[in-house]
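A quick write-up on the structure given underneath.
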Amino acid sequence: MSARETGSLSTTSAHTYGHTSIVYKSNGSEIITGGNDSLVHVYNVNDITAEPTVITEHTEAVITLICNKEGFVSAGEDGAVIHYRNNTNAFDKYLARSTVPVRCLSYSANGTKVAVASDEDVIRLILIQDITKVVALYGHKKTVKCVAHSPVDDYLLSSDCDGDVLIWDLNHSDGVPKAVKTLNGAVTKADSESNILGTVAWRPDGKQFAFAGRIFDICVYNTKGWSKVASLEDGHYDEISTLAWSPSGHYLCTAGRDKQVIIWHVEQKKILAKRDSKDVVSGIAWSPTENQLAFTDCQGQLSLWKNPIDTNGGLPHPAKRQNAIDELDKLFDEDMSQLNIGERSKPKSKPKNDLIDGEAEDDAGDDDDGDDLEDQGEDLEGDVEMMSDMDDFVIDDDGAGYVEERNGAAGSRPGAMVRTATSRGPVHRLTEQPCFQPGATSFRNMDPTNPSIPREGERRYLAFNMFGVVYTIYQGTHSVVSVEFHNQSNHRNFHFSDYMHYTMAAIGEEGAVFAVAGGDSKPVDDDIEDNETAKASVLHYRPLSNWAGGSEWTVYLPPGEDVESVAINNGSVIAATSAGYVRMYTIAGVQIHLFRLENIVSMVGHGSLAMFVYKLGTSFDGYQNLEFMLMDTLSQDVIQKDRLPLQRNTQLTWIGFSEAMQAAMADSTGVVSVLHRQRMMGQSSWVPIFDGEAVAHAHQRTERYWPIGLMRNELMCLVVKGSNKAPYFPRPPVDNVGLRMPTTHYETEVGQLEEKHLRIHYMTLHEKAEQQAAGLEDEYDMEFSATDLEMDKALLSLIQLACKDDKLQRVLDLAYALHSGRSVDAAIKIATHHKLTTLAEKIMQIKEQKFMDNHNNAGTLRRRSLSNDDDYMSKRPRI
Numbered sequence: 001m002s003a004r005e006t007g008s009l010s011t012t013s014a015h016t017y018g019h020t021s022i023v024y025k026s027n028g029s030e031i032i033t034g035g036n037d038s039l040v041h042v043y044n045v046n047d048i049t050a051e052p053t054v055i056t057e058h059t060e061a062v063i064t065l066i067c068n069k070e071g072f073v074s075a076g077e078d079g080a081v082i083h084y085r086n087n088t089n090a091f092d093k094y095l096a097r098s099t100v101p102v103r104c105l106s107y108s109a110n111g112t113k114v115a116v117a118s119d120e121d122v123i124r125l126i127l128i129q130d131i132t133k134v135v136a137l138y139g140h141k142k143t144v145k146c147v148a149h150s151p152v153d154d155y156l157l158s159s160d161c162d163g164d165v166l167i168w169d170l171n172h173s174d175g176v177p178k179a180v181k182t183l184n185g186a187v188t189k190a191d192s193e194s195n196i197l198g199t200v201a202w203r204p205d206g207k208q209f210a211f212a213g214r215i216f217d218i219c220v221y222n223t224k225g226w227s228k229v230a231s232l233e234d235g236h237y238d239e240i241s242t243l244a245w246s247p248s249g250h251y252l253c254t255a256g257r258d259k260q261v262i263i264w265h266v267e268q269k270k271i272l273a274k275r276d277s278k279d280v281v282s283g284i285a286w287s288p289t290e291n292q293l294a295f296t297d298c299q300g301q302l303s304l305w306k307n308p309i310d311t312n313g314g315l316p317h318p319a320k321r322q323n324a325i326d327e328l329d330k331l332f333d334e335d336m337s338q339l340n341i342g343e344r345s346k347p348k349s350k351p352k353n354d355l356i357d358g359e360a361e362d363d364a365g366d367d368d369d370g371d372d373l374e375d376q377g378e379d380l381e382g383d384v385e386m387m388s389d390m391d392d393f394v395i396d397d398d399g400a401g402y403v404e405e406r407n408g409a410a411g412s413r414p415g416a417m418v419r420t421a422t423s424r425g426p427v428h429r430l431t432e433q434p435c436f437q438p439g440a441t442s443f444r445n446m447d448p449t450n451p452s453i454p455r456e457g458e459r460r461y462l463a464f465n466m467f468g469v470v471y472t473i474y475q476g477t478h479s480v481v482s483v484e485f486h487n488q489s490n491h492r493n494f495h496f497s498d499y500m501h502y503t504m505a506a507i508g509e510e511g512a513v514f515a516v517a518g519g520d521s522k523p524v525d526d527d528i529e530d531n532e533t534a535k536a537s538v539l540h541y542r543p544l545s546n547w548a549g550g551s552e553w554t555v556y557l558p559p560g561e562d563v564e565s566v567a568i569n570n571g572s573v574i575a576a577t578s579a580g581y582v583r584m585y586t587i588a589g590v591q592i593h594l595f596r597l598e599n600i601v602s603m604v605g606h607g608s609l610a611m612f613v614y615k616l617g618t619s620f621d622g623y624q625n626l627e628f629m630l631m632d633t634l635s636q637d638v639i640q641k642d643r644l645p646l647q648r649n650t651q652l653t654w655i656g657f658s659e660a661m662q663a664a665m666a667d668s669t670g671v672v673s674v675l676h677r678q679r680m681m682g683q684s685s686w687v688p689i690f691d692g693e694a695v696a697h698a699h700q701r702t703e704r705y706w707p708i709g710l711m712r713n714e715l716m717c718l719v720v721k722g723s724n725k726a727p728y729f730p731r732p733p734v735d736n737v738g739l740r741m742p743t744t745h746y747e748t749e750v751g752q753l754e755e756k757h758l759r760i761h762y763m764t765l766h767e768k769a770e771q772q773a774a775g776l777e778d779e780y781d782m783e784f785s786a787t788d789l790e791m792d793k794a795l796l797s798l799i800q801l802a803c804k805d806d807k808l809q810r811v812l813d814l815a816y817a818l819h820s821g822r823s824v825d826a827a828i829k830i831a832t833h834h835k836l837t838t839l840a841e842k843i844m845q846i847k848e849q850k851f852m853d854n855h856n857n858a859g860t861l862r863r864r865s866l867s868n869d870d871d872y873m874s875k876r877p878r879i
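Here you go:
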């Protein structure tokens, strides 16, 4: 064996002839392959010749595989994107179903989302825990071939059949994902079915990425300035099919049509080892734990290359251990190496994703994004959109509110005027808070001869939330109700003739509920012999799953009692009535709870929770007199009950929940608030996390944001422009607008950093509380550690600025909020650099006080109890 053929190679036939994909499981114990035979195989790395576990969920060729510690995902020619459990290799759920083949998948850095590239020019980001939430990225002009999430930052790489590589900022300051750089014609042009995969791959530290160039070379780019820093040449003599970084980031493995598999030492720009394959290699995977490399080819063969790196010769091991603390420490070290503790930089006009200043550096080739999409005439603002087509997806969340007048006329939102830089502008005289159904709108055009009914053909939304849209079209003798789902992989759209003229609806994961008040004016149902029953108020439920016959049910309320509001969550159908009753049913129609609650304004459900808002009395001195109650409908426990704070001369316009089941509301000035500490009875408060008028003014717009839900860093909404008070038809796209708390001096760098830290802090506290309530906090430890690190980066930047301004007590306040011993060490380093010896000693005292736990060998702060987690400044030392 020559020096170039290190280690040993074993090969086995895995699949039939054709493209074969491969990935290691996160613990390195098994290899997963997918082939042209529509099968997924799971091999034990200790003996790949042994019979594998066979998974038969696909009906056509399997093209792409990804895996992390939570599970693995496969996709291919049949368009199905399927999630499996790691421990059992069992089917978990469909993430998506496309009408065209899916070519590439990529996990986000925290593993909560999957990027999907299919035979379209659109990239879709799917939330794994809630597949109805999908972000669509538009920017490519040809079919997308490859997608790759950065392992540490909110960036995404993608390549297309035209050879263009796009760099996406998924956490852009504009509030929506945006392509910030385009490398035109960077990779070889190839059609979607070619064995030239157009692979773009991130180095595991997230600082560099690589792809195959057009002249059989490998291009390595730096994320700072998106400039080329290296070219690996004189290896392949034909087009390169695919490539992969080693887990350590020292090595890059490439394969090409020349049937060579080459391992490069990237820093030294030289070839370390080389192997020949029997056919074009279609997949490469490095072991995450061992000195081992596996690859598959277009003959369906699996090859395992053991010890490809000669570690006995002094070369670094190619794998890194997947320990959560080690990973975070490494990430922290990389961020800290960029911390600028020299001259103070000028305040930035916009917040940046990397909030720790980097060392000043002039990169050759930094063309100030001269090749970005603005030069191509592309306008990506608002590219996150909602679509109703069969193969498209939508972002949404539970509940979207609109103040609906009882007479059916178009609603209004008093005080919803664009504010100036120094004032909220004129306010309207307060009117009594009307009742409304979240996610509903009013008919726009009424019959001039009878203003109580709409014109024939008029339509309105009855419900608009994370699961779908319900709208009705008035046809005179009857209405046509349409139910459309954002994700149609599990449910089909349907419509029906509505002879009841339903006036309210709610839609959830289990089904949809409809209701209408009773009275002589209501059309009589000919199928009902009892005329009094025919005129009664109706509550009707339709299941979305028909596995059990007769699941549809209808309830006729007693004479004189009308349904005034409906809601649905994962286990309950809820109706509030004019008798002051809240009637609660299971999804099968079993009455499980009945209690009194007068004057309900609105209610909404999500998961096992329901929120009720009701009047305590008439308004007084310009303030609405409202109270809310948060209930767990599964246990029927009241979790929270308190006054609902609204600004003077405003009304409540929307209530709903975030994706993490946090109660939320919006008022007529456009301020959206979330319920902080909602699991702690008597200690909750409403925290403002978005000011719509301020955001519109900052962007020099006159639009309104009609909320439909919340994600961690974004408000999902419909943008309403002009004089319109609510969205109309055709259905407008969904926009994702970045959250921004109305903190002070946001125009400064300090203000932006403070806002970011505070917002992440509040959101993380809620997520911890919900996971703790569900007993799942240990499963999300890695994710919480990542958010702690993100907050520490902002805090360290603030400490640096405070040291430069000699604001010593401010430094101590910030240092005490840090989450890890390593972060405190960085704060000490900053203070020492500024020759603030006494301050450094004080910060050392903080470290001794907070990080003396002997079990914390890695220096990471042990998880604090929720009761103390946001009281971090109560015991801070003083200067």
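For the sequence shown, the UniProt record's numbering begins at 1 and goes up steadily by one. Even glycine gets a Cβ: it sits at the ideal position worked out from N, Cα and C. Being a predicted model, the structure only gives us computed values, none of them experimental.
Contact check for Ala660 against Ser673 fails: the beta carbons are separated by 8 Å or more.
Burial check for Ser227: the Cβ neighbour count within 10 Å stays below 16, so the residue is exposed.
The count of Cβ pairs closer than 8 Å, one atom from the stretch 807-814 and one from the stretch 117-134, stays below three, leaving the stretches out of contact.
The alpha-carbon of Leu765 is positioned some 34 Å away from that of Thr837. Glu755: member of the alpha helix (DSSP H) spanning Glu749 to Ala773, first to last residue. Across the structure, Ser442 and Glu432 are spaced so that their CA atoms are roughly 18 Å apart. Here Arg97 has Gly79, Ala80 and Ser489 as same chain residues with Cβ atoms under 6 Å from its own Cβ, once five neighbours each way along the sequence are excluded.
Residues Cys803, Leu808, Val811, Leu812, Ala831 and Ile879 of the same chain have their beta carbon placed closer than 8 Å to that of Leu839, with the five preceding and five following residues left out of the count. Counting C-beta pairs closer than 8 Å gives fewer than three between the stretch 643-653 and the stretch 445-453, which falls short of the contact rule. Glu714: not part of any alpha helix (DSSP H); member of the beta strand (DSSP E) spanning Glu714 to Val720, first to last residue. Sorting Ala515, Leu789 and Gly35 by C-alpha distance to the C-alpha of Glu60 places Gly35 at the top.
In this structure, the CA atom of Ser723 is about 29 Å from the CA atom of Leu137. In this structure the stretch 149-166 touches the stretch 184-197; the number of beta carbon pairs closer than 8 Å is three or more.
Scanning its chain for C-beta atoms nearer than 8 Å, with the 5 sequence neighbours on each side dropped, one finds around Glu790 the residues Ile760, in chain order.
Look at the beta carbons and you see the stretch 467-479 touching the stretch 499-510: at least three pairs across the two are nearer than 8 Å. For Gly34, the enclosing beta strand (DSSP E) begins and ends at Glu30 to Gly34. When the Cα atoms are used, Val229 and Cys219 turn out to be separated by approximately 8 Å. According to DSSP, His593 shares a beta bridge with Met584.
Per the C-alpha coordinates, the member of Asn307, Leu652 and Ser159 positioned closest to Arg275 is Asn307. The residue from Thr223, Cys146 and Thr199 with its alpha-carbon nearest to that of Gly206 is Thr223.
Across the structure, Gln678 and Tyr585 are spaced so that their CA atoms are roughly 25 Å apart.
At a Cβ-Cβ threshold of 8 Å, Asp792 and Leu818 count as neighbours. Taking the Cα positions, Val734 is about 9 Å away from Ile708.
Measuring C-alpha to C-alpha distances from Glu552 to each of Glu561, Gly560 and Arg542 identifies Arg542 as the nearest. Lys535 and Ile473 have their alpha carbons spaced roughly 22 Å apart.
Inclusion of Ile126 and Val114 in the CB contact set at 8 Å is warranted, their separation being smaller than that value.
Residue pairing of Cys146 in beta bridges, as defined by DSSP: Ser159.
Using a 10 angstroms sphere on the CB of Tyr24, the tally of other CB atoms reaches 16 or more, which defines it as buried. Around the beta carbon of Val100, a 10 Å sphere encloses fewer than 16 other beta carbons of the protein chains shown; the residue is thus reported as exposed. The closest CA to that of Leu718, considering only Tyr728, Asn46 and Trp264, is found on Tyr728.
With fewer than 16 other CB atoms across the displayed protein chains lying within 10 angstroms of its CB, Glu51 is exposed. Around the CB of Asn487, 16 or more other CB atoms lie within 10 Å, so the residue is classed as buried. By DSSP's assignment, Asp667 forms a beta bridge with Leu652. Unbroken beta strand (DSSP E) runs of no fewer than 3 residues, entirely contained in the UniProt repeat "WD" (233-274), are found at 240-245, 251-256 and 260-265, following chain order.
Put simply, the backbone Cα of Phe211 is about 19 Å away from that of Val152. For Val187, the three-state secondary structure derived from DSSP is coil.
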